[in-house]
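Below is one structure, written out as structure tokens, with a few remarks after it.
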């Protein structure tokens, strides 16, 4: 099929920053793109060929949009799966498939999938409602502390809370959820697996993630991870096992814990470009975004190794600031060696909202990490 400079249409569900970065690559290849998103302020709006307003969870909106494109992909997994199933039946290519998304969209279903396929993950209990948890604690069926996760629609630190006492359950939404054993871990790691419809598979180098203690968001992504080669191999093998079991097409970001005794446990997966792969734009031969396009169009996959060590810093809205965004000291960080800011195009900032990221590349990874700290201290995302 001719994708380039042709009548072919690629549809993307979701108009956020991940979509915008996918569109850098569709523009490079001159692939015609249509985006569906519920907000007129979406970062994708300026970069796609057709912008459609609509709710991603609405059956008709997704179905009618999908009927106009040849291949449909996502940049966020919270989409109407019934509509995707109907489109697949009518011959629209949907990647990742509705079946893959059904497993991933619900965290309880996702965890049960790991158990069924002998994929190592932390022990957990499933609850129909958060209100049932108190009873489970009182009857000794559940021990504190644990990690509470809402089963559906949580992202970027929302829908996740460490529960250390019964009081921590107050104010949590009364929804379907899981309580996961708190894992004592040394490192949070991630591996991105790319797979096309022919089954060609490639993995990116393992990355390590450092988290912000309050926001539960990634603060730094470091690639390659500073871990033992044997641990990296184990992480890669488990990521490939998940990819094969889940049978996805496109990218699969596999987040994991490296435990105190170097076991690898799956935390969760995302079937799309991911925060743990942003550094690939500057540091890798093929960025995760180009790779996702290659995979969903069933093109040969690109090289995944690093050209250079990379560290990524998330730019999130500073606490205490809401309104029209200002990037304070951006010139200062651009004066540092190997530093590239990416601004997502969200005009309004609020505390902890993802507004951009900065990549730091350096032949010496420890030097890149040191500069990343300087970047983090220098730049602030505030409002007018």
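Numbering (our numbering), first residue to last: 14 to 397.
Even glycine gets a Cβ: it sits at the ideal position worked out from N, Cα and C.
These numbers come from a predicted model, not from an experiment.
In this chain, the beta strand (DSSP E) harbouring residue 341 covers 336 to 341.
Looking only at 16, 63, 29 and 48, the smallest Cα-Cα distance to residue 41 is reached by 16. Per DSSP, residue 222 is not a residue of any alpha helix (DSSP H); the beta strand (DSSP E) it occupies stretches across 220 to 224. In the DSSP assignment, residue 330 forms a beta bridge with 394. Only residues of its own chain outside the window of five on either side were considered, and among them 201, 202, 203, 204, 248, 251, 252, 277, 278, 279 and 280 have a CB closer than 8 Å to the CB of residue 269, listed in chain order. Here the C-alpha atom of residue 142 lies approximately 18 Å from the C-alpha atom of residue 194. Of the candidates 47, 283, 331 and 260, the residue whose Cα lies closest to the Cα of residue 112 is 260. When the Cα atoms are used, residue 347 and residue 192 turn out to be separated by approximately 43 Å. The alpha carbon of residue 222 has as its nearest neighbour, out of 287, 187, 262 and 393, the alpha carbon of 287. Rounded to whole angstroms, the gap between the alpha carbons of residue 294 and residue 304 is 11 Å.
Taking the Cα positions, residue 65 is about 47 Å away from residue 243.
Distance from the Cα of residue 353 is smallest, within the candidate group 362, 384, 334 and 363, for 384. Within the same chain, 234, 236, 323, 324, 325 and 372 come within 7 Å of residue 292 by CB-CB distance, once the 5 residues on both sides are set aside.
In this structure the stretch 68 to 82 touches the stretch 97 to 114; the number of beta carbon pairs closer than 8 Å is three or more.
In its chain, beyond the 5 residues on either side, 138, 146, 149 and 192 have a beta carbon closer than 8 Å to the beta carbon of residue 155. Residue 20 counts as exposed, since fewer than 16 other C-beta atoms from the protein chains shown sit within 10 angstroms of its C-beta. With a threshold of 16 other beta carbon atoms within 10 Å, residue 379 falls short and is exposed. Contact check for residue 57 against residue 33 passes: the beta carbons are separated by less than 9 Å.
At the C-beta level, residue 300 and residue 320 stay beyond 9 Å of one another. For residue 227, no beta strand (DSSP E) encloses it, and the DSSP letter there is neither H nor E.
Secondary structure note for residue 104: it is in no beta strand (DSSP E), with a DSSP letter that is neither H nor E. Sequence-distant Cβ neighbours of residue 315 in its own chain, meaning closer than 7 Å and more than five residues away, are 298, 299, 303, 304 and 307.
Counting along the chain, no alpha helix (DSSP H) covers residue 91, and no H or E run does either. Secondary structure of residue 270 (DSSP, three-state): strand. Boundaries of the alpha helix (DSSP H) around residue 145: 145 to 151.
If you draw a straight line from the Cα of residue 106 to the Cα of residue 85, it is about 6 Å long. Here residue 262 is buried: its Cβ has 16 or more other Cβ atoms, across all protein chains shown, within 10 Å. With contacts defined as CB atoms closer than 9 Å, residue 255 and residue 132 qualify as a contacting pair. In the DSSP assignment, residue 296 falls outside any beta strand (DSSP E) and lies within the alpha helix (DSSP H) extending over 293 to 296.
Uninterrupted alpha helix (DSSP H) stretches at least 4 residues long and entirely within the stretch 281 to 326 occur at 293 to 296 and 301 to 309, given in chain order. Counting along the chain, residue 78 sits inside no beta strand (DSSP E); it lies in the alpha helix (DSSP H) bounded by residues 72 to 79. Listed in chain order, the non-local C-beta contacts of residue 358 below 8 Å within the same chain comprise 30, 33, 56 and 59, local neighbours out to five positions each way being set aside. Judged by their CB atoms, residue 123 and residue 94 are not nearer to each other than the 9 Å cut-off.
For residue 114, the closest C-alpha among the options 63, 218, 283 and 186 is that of 283. Residue 32: member of the alpha helix (DSSP H) spanning 30 to 42, first to last residue. Take the alpha-carbon of residue 165 and the one of residue 90: they are about 10 Å apart.
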